[in-house]
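Reviewing the structure listed below.
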Amino acid sequence: MVRFFITIGSLLIVLFLFYGPIPSLLTRLFNLFSINQVSNRKKQIALTFDDGPHPVYTPLLLDLLRSHSIKATFFVLGSEAEKHPAIIRRIHEEGHLLAIHNYKHKCNWFLSPNSLKNQIDKTADIIKNLTNYDPIFYRPPWGLVSLPLLFQKKYRLILWSVMANDWSSKHGSQGILNRLIKQTKSGSIVLLHDNGDTVGADEDAPSHTIEALESYILQCFENQYEFVLINE
């Protein structure tokens with residue numbers, strides 16, 4: 029009987045590894061099934077923002093981007109989009125790209141294939157109803173990919189090549205800026221956040237992100253980088 033339960037337990041562990049951790053390893057470390065950077069043939073950077081929209085920070089971010097004539101990609105949560113439809117419309121009307129980040133900020137490793145599909149499709153429908161735009165890009169929360177994502181053909185999976193740990197307020201805007209400058213190179217997809225209300229984040233973290241971003245943009249311009257959308 030003990031041997032039976034050990035066998036069942038081992039099987040469940042193997043199934044879990046193939047459902048979540050191994051697909052995530054393939055996408056993050058080996059760049060399989062996902063887009064982790066834009067073309068590195070030119071000095072281009074793609075700014076991306078997760079977890080929004082937020083009623084305070086997202087408008088401030090949009091003001092900053094507009095002041096520098098920069099377009100960015102926003103991976104939004106469907107539940108937050110429902111709460112703040114005017115911000116979603118503004119993102120779209122100002123020429124930014126709307127993309128999907130689940131309906132709720134849940135880990136895909138623990139979602140069934142049907143639940144995951146519902147999370148993505150529901151968010152896509154919300155964006156479509158608000159803007160008449162069909163989103164085709166998707167980023168999983170925490171970048172944790174599960175097996176169903178590798179076999180679907182409807183959405184393109186987007187990860188990143190630069191991560192500034194900006195969900196934390198611990199090192200302030202200067203710490204975020206230092207990480208951005210150190211990691212940025214041609215073709216970078218930069219992961220940032222415009223909402224600090226998700227699990228593991230500091231509520232005021234986006235304020236530091238926006239402050240760091242002002243200096244980061246100026247330094248990138250000085251180094252002749254161009255900011256692009258991920259579909260460019």
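Per the numbering used here, the very first residue in the sequence shown carries number 29; after that it's consecutive.
The beta-carbon is built from N, C-alpha and C at its ideal position, and this holds for glycine as well.
With the cut-off set at 8 angstroms, would you say residue i and residue j are in Cβ contact?
{"i": "residue 105", "j": "residue 132", "result": "yes"}
{"i": "residue 230", "j": "residue 197", "result": "yes"}
{"i": "residue 190", "j": "residue 227", "result": "no"}
{"i": "residue 103", "j": "residue 61", "result": "no"}
{"i": "residue 116", "j": "residue 164", "result": "no"}
{"i": "residue 187", "j": "residue 46", "result": "no"}
{"i": "residue 127", "j": "residue 161", "result": "no"}
{"i": "residue 73", "j": "residue 249", "result": "no"}
{"i": "residue 237", "j": "residue 220", "result": "yes"}
{"i": "residue 183", "j": "residue 148", "result": "yes"}
{"i": "residue 223", "j": "residue 234", "result": "yes"}
{"i": "residue 63", "j": "residue 185", "result": "yes"}
{"i": "residue 68", "j": "residue 215", "result": "yes"}
{"i": "residue 81", "j": "residue 100", "result": "no"}
{"i": "residue 79", "j": "residue 129", "result": "yes"}
{"i": "residue 75", "j": "residue 41", "result": "no"}
{"i": "residue 159", "j": "residue 120", "result": "yes"}
{"i": "residue 137", "j": "residue 48", "result": "yes"}
Quick check: what's the CA-CA separation for residue i versus residue j?
{"i": "residue 58", "j": "residue 113", "result": "37 angstroms"}
{"i": "residue 242", "j": "residue 253", "result": "15 angstroms"}
{"i": "residue 44", "j": "residue 195", "result": "27 angstroms"}
{"i": "residue 178", "j": "residue 134", "result": "18 angstroms"}
{"i": "residue 247", "j": "residue 35", "result": "57 angstroms"}
{"i": "residue 124", "j": "residue 39", "result": "45 angstroms"}
{"i": "residue 52", "j": "residue 211", "result": "21 angstroms"}
{"i": "residue 56", "j": "residue 180", "result": "18 angstroms"}
{"i": "residue 87", "j": "residue 93", "result": "10 angstroms"}
{"i": "residue 260", "j": "residue 71", "result": "13 angstroms"}
{"i": "residue 18", "j": "residue 85", "result": "Lying before the first or after the last residue shown, residue 18 is absent from the chain, which here runs from 29 to 260."}
{"i": "residue 239", "j": "residue 213", "result": "21 angstroms"}
{"i": "residue 89", "j": "residue 107", "result": "20 angstroms"}
In the DSSP assignment, what are the bridge partners of residue i?
{"i": "residue 88", "result": "None; residue 88 has no bridge partner."}
{"i": "residue 128", "result": "104, 166"}
{"i": "residue 254", "result": "72"}
{"i": "residue 78", "result": "103, 221"}
{"i": "residue 216", "result": "65, 73"}
{"i": "residue 190", "result": "218"}
{"i": "residue 158", "result": "Answer is none; residue 158 lacks a bridge partner."}
Residue i: buried (16+ other C-beta within 10 angstroms of its C-beta) or exposed?
{"i": "residue 193", "result": "exposed"}
{"i": "residue 245", "result": "buried"}
{"i": "residue 33", "result": "With a pLDDT of 45 at residue 33, under the threshold of 50, the predicted position of this residue should be treated as unreliable, though the coordinate-derived value follows. Label assigned to residue 33: exposed."}
{"i": "residue 65", "result": "buried"}
{"i": "residue 96", "result": "exposed"}
{"i": "residue 83", "result": "exposed"}
Q) Is the stretch 205-219 close to the stretch 138-156, with three or more CB pairs under 8 angstroms? A) Segments in contact, no.
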